[in-house]
Structure formats: structure tokens, C-alpha cells
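J.:
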Amino acid sequence: PTRQLLSGALISFLVGWLIWSLLWNGYLGGWWVLPIELFLPDAWLYTGDKVGNAVVWYGYYTLIAFAIMIGVGRLGRWG
194 PTRQLLSGAL ISFLVGWLIW SLLWNGYLGG WWVLPIELFL PDAWLYTGDK VGNAVVWYGY
254 YTLIAFAIMI GVGRLGRWG
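Heads up, the numbering used here is the position in the sequence shown plus 193, with the first residue counted as 1.
1) Let me check understanding here. Comparing Cα to Cα, which of Met262, Ala260, Asp235, Ile261 lies closest to valine 249?
2) Pop quiz: leucine 216 and tryptophan 225 are said to be a contact at Cβ under 8 Å. What is the actual Cβ separation, rounded to whole angstroms?
3) Would you mind stating whether glycine 269 and isoleucine 204 have Cβ atoms separated by less than 8 Å?
4) Pull up the distance between the alpha-carbon of leucine 231 and that of threonine 195, whole angstroms please.
5) Between the beta-carbon of isoleucine 212 and the beta-carbon of isoleucine 261, is there less than 8 Å?
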């Protein structure tokens, strides 16, 4: 059981890391930022306020990272 648990955790981690890396480096296109661009007003996204802009975008990146973690956690039977 320990070997299965560790191998499942390692495979899940590697799959999650691969997905995040592909998204972050643009290999899967820009479709993953489309929801935030559609639902938030342009005044929130493209302002001169660097702190507010960072909060919005990095909050969204964190949400996507958690979604990937939940997905690969289920893949590795962690849920």
C-alpha cells in the first residue's frame, strides 16, 4: 500500500506540474485566461494600479492552481 500511495502521489504531482508548466508558458494557448477577461470589467484588469492588478491576476492564477491540484488529487485517488 505504501508503494502505491507514493507512486500515485508522484505521478499526480508530475502531471499537475506538467499541466501548470504548459499553461504558464503558453503552450496550450491563452484560453485559460479567457474566463477572467470575460467576467471582470476592463477597469479592473487593465488599470494603472499595479498592486490591484497583481491581486486580481495572481488570485486567478491561484484559483487555477487549486483546480489543477484538485483534479490531479482525484487522479491520484487522494480525494
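Ideal Cβ placement from N, Cα and C applies to all residues, glycine included.
T.: Let me spell this out:
1) Asp235
2) 5 Å
3) yes
4) 45 Å
5) yes
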